[in-house]
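*Asks:*
Printed below as a string of structure tokens:
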């Protein structure tokens, strides 16, 4: 089953959204006092529906024309609203309140409503709305809490009509009833929504966000009485008659519970003297600010309100005592909402949490149908007329663009308007039946008309590409035809004989992006066996990267590579060892982290090594010694241009080869006894166990003396290193180390420039990285540490590290990847380890998260991590069964499970310990 | 492993608490020779600063929730500092406070750990708050900071030096922050220079700065005394008072201070009783007749201006001789740059309209965008501080204090030139009397000049926990004000 997934999953299959237009049984209570006050009667209801249909047909015929244009306002706008004739727009802000006529080519200022000598705060508008039935009627919400209505029909210059000063705080939103001329709704920071009848001087009804918040049932008790509550309340509720019949609503439940709780406190807890010392809090303490109110377009009596605490409430205008329904829509304030113009019960909400959500309110519970993640908090949301799934959003901060989303494609906006230079504060579709004109006002003091056809479409700029690995290492790649065609020479994929192609999809004619779906698909098959990455895993697991002397690391890694049949890599390691671990350098080489200077000489040696090894195969280092001993090596060097290293490197090195080697010959004489000692011991005999043992102690002597304190410190840091060093040393392949002793020491004395090899090594690393063996590059980088790091620029290093870590994690080699992160010196990489290091623990009794950092669970007041065997708190390694979550001290559990397969806690679970 | 030790130690917390408290007794003795002005804050020794020891001890004898909080705090910090011991009057707030502070200092964030503590030191040093400086010097060294930096800002990396200016302005005249400040402290923001700040780092730094500015206010406002165990080795030791515990030497001194407190209470009991009554009466009146006399718009606007202007001149008179302590001041270049200067010259504070840039809508989004999760934490903290109430006032119960709290909050914002369109600034004058205003003003603007006399002279009848509550309001309002200015500048820089 090759996993040739549908690569162009750009267009999600359009579900024919079985959205039942379930007619909602409105509990029309025509006798209701309120309803009659508002004139919201059944007859009014049917009346208005009739009116609405008439309007629709009347406006549907007209054709709008215009172009993308903008005009400068004198001040930042806070909100805009369009007149129903789609020819005028009102802009309101802190210091602007004007009506503009939208003409073919430009906006023309028609009326300035901000009159008077010293404009008061009443004119500092937070919101403005134009009545959709009466083109003379406007309402504004002022930042000081005043709601003002304006009648354009007034003959005087001041068009102000009525002033409602009932709100105590800023009014965030005003909204006219879609069909009734005189019903106005406002939502304010003070937590109240008020419904005004414009024929009266004050509000008709007040809706409080507070009263209903209890519906959420948040109980706050300062001290530990929480566990009692659920039990208690369940009992009470069960007994309560109306609950039993399912007639009780949330808020009523709340009341019952509240009373019960208080009674219980008084009658039971108080006499016992166990009254909680802290005060009891109801979450209803303060009212939450209302951010938006919107009348439903389809349901005559319904409106939605959104709150700063993330809630959305649904109200029946006739019932101000409690809301019909409430749910938490967002995390953080919900800034805006909009009812779908066509689909009854679709509500879009946008919040500070950068989400736009579409809810279906027709079902029993509000159901989240779509969710669009934007890049900034959502300030406004408006459904696009005539396009069922489109909505426009703008943001409150940071992001200045207006986006039009197809809610079914939540990742890429369908269109984007980028005209504004500061945050967009108000958007409005120009005409309720024309999807192509969008108006917007912004903090940058401009008013824009956007034409949909001028919008930039991010999708067009994106190159739809898909890339996927199959189960067997096949690689499939699909891209737009045009893109692939550009680079020719690639045969299009004709289909796989082995596997059926199963991603045929039906194209949806409604989808605007269907055209893009024509694409080219290429599949790269791997040769059988070639794709096996076994070597990678093995290498990663077995490589030693730190904690031992460099020479041993190199040897070890070389051995690993050789065993896995990667001879070239093995050679490289051996060479590195030769380069950096010559005896003269041993003092420095042994500190795997410090001291880069003088760390590189003996180039000739490396080359000769190459050649030698290439010719006779592996493991013949001993012979090398001799070749060095007699100064014939220069001939060897000269034709050593063969192998690993690219040509230019060789050219570079060859130039310096010969003289260097002569130097080698020269200094031999004046060498210390170490050198003299070596050839004597090595050449005649070849006993493989005796010699090394001699060689290593020698080396240790050298090592220990010169760098003194530094070395000691290093050892102190990693005690086990020094402890095991001797053992490791004798295990490592000896002969090669031996050869080193003799020759490169001499080289050291020859004073080759210390950075002599760095170029080579650098190129070697690049070579491996280019080849795709980033593992090698990183391993060498880590092992050599300071010696090469400075030669490779930070970014490249970081790049290698991240790629390698990525690879390791794909193979689930978490330990190795962690080690690599730890050993890396690049800051960006090593901080990967610092991120998300929190371990979340749940209490094993109550299964709730442990919030405090101690061992005692806050809720059940018991120690969470008890050993099931010895019943003490485990403070070290804790092992637990993932099946039953019992566990304890590692030792205890191991011991227990040796004797029994059941859980020691006696829960009957058959625990597995592996 | 580390967790295990921390947590096991947490069990010993009660002991640690009582130890600390016991130790504080010695310092408490010093209270008797209270000096006005600088140094006084150290003279009041016990963790609770101005609050008498009895009140704190009572709290210290704690219930389960406080215990848990202490354990948390101890586990996170490895100590239980005096600030925590005072804030525990309000456990709900303390929890959020500790969570935020822990996140800012120890969790994922754009700045390296030692930078964070250094920035804390810089900020606290702005107000010569040796208490916080000491604490963070220890932490700074603990996380591997370079001791050389402590010799002054000029020894710190260029990057931190660039922050100096912002720190200065933010602490004393946040309304002057413009996007130029952001640009300066960010020079070469886009270039990958070594000492340039990324926006995320900058926001982290700004949050830290404001956090520590306001925490310094709290320290002085409540008279938090130095940690007993802060040894003087590498700290900024205050010139006159040793940090060492001297309870062995001065045993038996504590009765004095209790007497003193008692007498102080007795004297003021009669008139302060009327104080509370009067305040409550005013609140009631305001509540009732709000709708009746509707002030005109001009009136409202001028009320704000008056309040703002007056707040400039609200200062107690006995704080002139103060000179900053040398030790601490080496962290900032010119000590002359303070709030006082500016008020002398009667500079005009521009009006910042909260409706145009507020924390909930704008500030939060920006912070959360650049420094994820912190916006949420701070938001929560603001919320708790603003809404915290026990519905009590001195001896009265079931009082709706929201009006009073809002007056305090808005008064502080008013001092910073931040205006709420929907607030009648006349209320402030009705509710806050002069001595209270002096206290607020001093705590918020020049905390180093707070004296015990100021602390005692406002709201005499109120409980200490209530005074701490006031302090919480003060510091959160201050933090928000500073944040608003800084974040607005960053926003402008970004657009």
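Chains as they are written, first to last, in full-length UniProt numbering: chain A, 1 to 914; chain B, 1 to 495. The beta carbon of each residue, even a glycine, is placed where N, CA and C say it ideally should be. This one's a predicted model, so the numbers in the text were calculated from it and none came from an experiment.
1) Does the beta-carbon of residue 882 of chain A have 16 or more other beta-carbons within 10 angstroms, so that it is buried, or is it exposed?
2) Less than 8 Å between the CB atoms is what I'm expecting for residue 77 of chain A and residue 442 of chain A, so what's the real figure, rounded?
3) If I follow the unbroken alpha helix (DSSP H) through residue 921 of chain A, where does it start and stop?
4) Would you be able to state if there are at least three C-beta pairs under 8 Å between the stretch 540-553 of chain A and the stretch 773-787 of chain A?
5) Is the stretch 116-134 of chain A close to the stretch 463-483 of chain A, with three or more CB pairs under 8 Å?
6) How many Å lie between residue 460 of chain A and residue 357 of chain A at the Cα?
7) Tell me where the alpha helix (DSSP H) around residue 94 of chain B begins and ends.
8) For residue 928 of chain A, go through chain B and note every residue whose CB falls closer than 7 Å to its CB, in chain order.
9) Using the C-alpha atoms, what's the distance from residue 475 of chain A back to residue 578 of chain A?
10) Hey, is residue 718 of chain A's beta-carbon within less than 8 Å of any beta-carbon in chain B?
11) Name the one or two DSSP bridge partners that residue 387 of chain A has.
12) Any idea what DSSP makes of residue 434 of chain A, helix, strand or coil?
13) Would you mind telling me which residues of chain B sit closer than 9 Å to residue 113 of chain A, beta carbon to beta carbon, in chain order?
14) Just to confirm before moving on: does the CB-CB distance between residue 409 of chain B and residue 473 of chain B stay below 8 Å?
15) With a CB to CB cut of under 8 Å and the five nearest residues on each side skipped, what residues in its chain are close to residue 114 of chain A?
16) Taking its Cβ as the centre, do 16 or more other Cβ atoms sit within 10 Å of residue 906 of chain A, making it buried, or is it exposed?
17) Who are the Cβ neighbours of residue 179 of chain B in its own chain at under 6 Å, not counting the five residues just before and after it?
18) For residue 446 of chain A, count the other beta carbons within 10 Å of its own beta carbon; 16 or more makes it buried, fewer makes it exposed. Which is it?
19) Against chain A, does residue 401 of chain B count as a neighbour if the rule is that its beta carbon must be under 8 Å from one of theirs?
20) When you compare the CB of residue 849 of chain A with every CB in chain B, is at least one pair closer than 8 Å?
21) So, with DSSP's three-state summary, where would you put residue 109 of chain A?
22) I need the DSSP call for residue 464 of chain A, collapsed to helix, strand or coil.
23) So, helix, strand or coil for residue 349 of chain A, using DSSP?
24) Since residue 123 of chain B and residue 208 of chain B are thought to touch, with beta carbons under 8 Å apart, how far apart are those beta carbons, to the nearest angstrom?
25) Should residue 157 of chain A be flagged as near chain B, meaning a C-beta pair shorter than 8 Å?
26) Relative to chain B, which residues along the stretch 80-94 of chain A have a C-beta separation below 7 Å, given in chain order?
27) Quick one: what's got a C-beta closer than 6 Å to residue 811 of chain A's C-beta in the same chain, skipping five residues either side?
28) In chain A, which residues lie less than 8 Å from residue 365 of chain B when you measure between Cβ atoms?
29) Checking 8 Å against the spacing of the C-beta atoms, do residue 174 of chain B and residue 477 of chain B come in under that value?
30) DSSP on residue 305 of chain A, reduced to helix/strand/coil?
31) Does the CB of residue 793 of chain A have a neighbour CB from chain B at under 8 Å?
32) Give the straight-line distance between the Cα atoms of residue 141 of chain A and residue 859 of chain A, rounded to the nearest whole angstrom.
33) For residue 103 of chain A, which three-state DSSP category applies?
34) On the DSSP letters alone, give me the boundaries of the alpha helix (DSSP H) that residue 203 of chain B sits inside.
35) Helix, strand or coil: which one does DSSP assign to residue 830 of chain A?
36) DSSP on residue 330 of chain A, reduced to helix/strand/coil?
*Replies:* With the structure as the only source:
1) Residue mapping note: residue 882 of chain A aligns to position 882 of the first chain, counting from 1. Answer is exposed; the Cβ neighbour count stays below 16.
2) Here residue 77 of chain A refers to the residue found at position 77 of the first chain. Here residue 442 of chain A refers to the residue found at position 442 of the first chain. Right, their Cβ atoms sit about 6 Å apart.
3) This structure cannot settle anything about residue 921 of chain A, because the visible part of chain A is limited to 1 through 914.
4) The way I'd put it, the stretch 773-787 of chain A does touch the stretch 540-553 of chain A; three or more beta-carbon pairs between them come closer than 8 Å.
5) no
6) The residue given as residue 460 of chain A occupies position 460 in the first chain. The residue given as residue 357 of chain A occupies position 357 in the first chain. C-alpha separation (whole angstroms): 25 Å.
7) Numbered from 1 along the second chain, position 94 holds the residue referred to as residue 94 of chain B. In this chain, the alpha helix (DSSP H) harbouring residue 94 of chain B covers 91-106.
8) One cannot answer for residue 928 of chain A here, as it falls past the ends of chain A, which runs 1 to 914.
9) Numbered from its first residue, the first chain carries residue 578 of chain A at position 578. Numbered from its first residue, the first chain carries residue 475 of chain A at position 475. Near 40 Å, if we compare the C-alpha coordinates of residue 475 of chain A and residue 578 of chain A.
10) The residue labelled residue 718 of chain A in the question sits at position 718 within the first chain. The predicted position of residue 718 of chain A is uncertain, since its pLDDT is 38 and thus under 50; a value taken from the coordinates is nonetheless stated next. No - not a single Cβ of chain B is within 8 Å of the one on residue 718 of chain A.
11) Position 387 of the first chain, counting from 1, holds the residue named residue 387 of chain A. Note: residue 387 of chain A sits in no beta bridge, so no partner.
12) Within the first chain, numbered from 1, the residue matching residue 434 of chain A stands at position 434. Of the three classes helix, strand and coil, the one that applies to residue 434 of chain A here is strand, per DSSP.
13) Along the first chain, read from residue 1 onward, the residue named residue 113 of chain A stands at position 113. Result: empty, since nearest Cβ-Cβ is about 16 Å, beyond 9 Å.
14) Residue 409 of chain B sits at position 409 when you count from the first residue of the second chain. Residue 473 of chain B sits at position 473 when you count from the first residue of the second chain. Cβ atoms of residue 409 of chain B and residue 473 of chain B: closer than 8 Å.
15) Along the first chain, one-based indexing puts residue 114 of chain A at 114. Correct list, in chain order: 95, 96, 97, 98 and 123.
16) Stepping through the first chain from its first residue, residue 906 of chain A is reached at position 906. When all chains shown are included, residue 906 of chain A counts as exposed.
17) By 1-based counting over the second chain, the position of residue 179 of chain B is 179. So the list reads 489, 492 and 493, once near-sequence residues are dropped.
18) As a working note, residue 446 of chain A is residue 446 in the first chain. Classification of residue 446 of chain A: buried, given that the 10 Å Cβ count is 16 or more.
19) Within the second chain, the letter at position 401 stands for residue 401 of chain B. No, no contact with chain A.
20) Taking the first residue of the first chain as 1, we reach residue 849 of chain A at position 849. No, its Cβ sits nowhere closer than 8 Å to a Cβ of chain B.
21) The residue labelled residue 109 of chain A in the question sits at position 109 within the first chain. Residue state, collapsed to three classes: strand.
22) Start at 1 with the first residue of the first chain, and residue 464 of chain A comes out as number 464. In this structure, residue 464 of chain A counts as coil in the three-state DSSP scheme.
23) Counted from its first residue, the first chain places residue 349 of chain A at position 349. The answer is strand: DSSP assigns residue 349 of chain A an E or B state.
24) Translated into positions along the second chain, residue 123 of chain B becomes position 123. Translated into positions along the second chain, residue 208 of chain B becomes position 208. Right, their Cβ atoms sit about 7 Å apart.
25) In the first chain, the residue the question calls residue 157 of chain A occupies position 157. So, not an interface residue.
26) So the list reads 94, given in the order they occur along the chain.
27) The residue labelled residue 811 of chain A in the question sits at position 811 within the first chain. Closer than 6 Å at Cβ, skipping near neighbours: 537.
28) Taking the first residue of the second chain as 1, we reach residue 365 of chain B at position 365. Those are 352, 376, 377, 396, 397 and 398, listed as they occur along chain A.
29) As a working mapping, residue 174 of chain B is identified with position 174 in the second chain. As a working mapping, residue 477 of chain B is identified with position 477 in the second chain. No; because the gap between Cβ atoms is not below 8 Å, this pair is not in contact.
30) What you label residue 305 of chain A is simply residue 305 of the first chain in a count that begins at 1. Reduced to three states, the DSSP call for residue 305 of chain A is strand.
31) Your numbering for residue 793 of chain A matches position 793 in the first chain. With 8 Å as the cut-off, residue 793 of chain A does not count as an interface residue toward chain B.
32) Here residue 141 of chain A refers to the residue found at position 141 of the first chain. Here residue 859 of chain A refers to the residue found at position 859 of the first chain. C-alpha separation (whole angstroms): 47 Å.
33) On the first chain, residue 103 of chain A is found 103 positions in, with the first residue counted as 1. Of the three classes helix, strand and coil, the one that applies to residue 103 of chain A here is coil, per DSSP.
34) Along the second chain, read from residue 1 onward, the residue named residue 203 of chain B stands at position 203. Residue 203 of chain B -> alpha helix (DSSP H) spans 199-221.
35) Walking along the first chain from the start, residue 830 of chain A turns up at place 830. Helix at residue 830 of chain A.
36) What you label residue 330 of chain A is simply residue 330 of the first chain in a count that begins at 1. Of the three classes helix, strand and coil, the one that applies to residue 330 of chain A here is coil, per DSSP.
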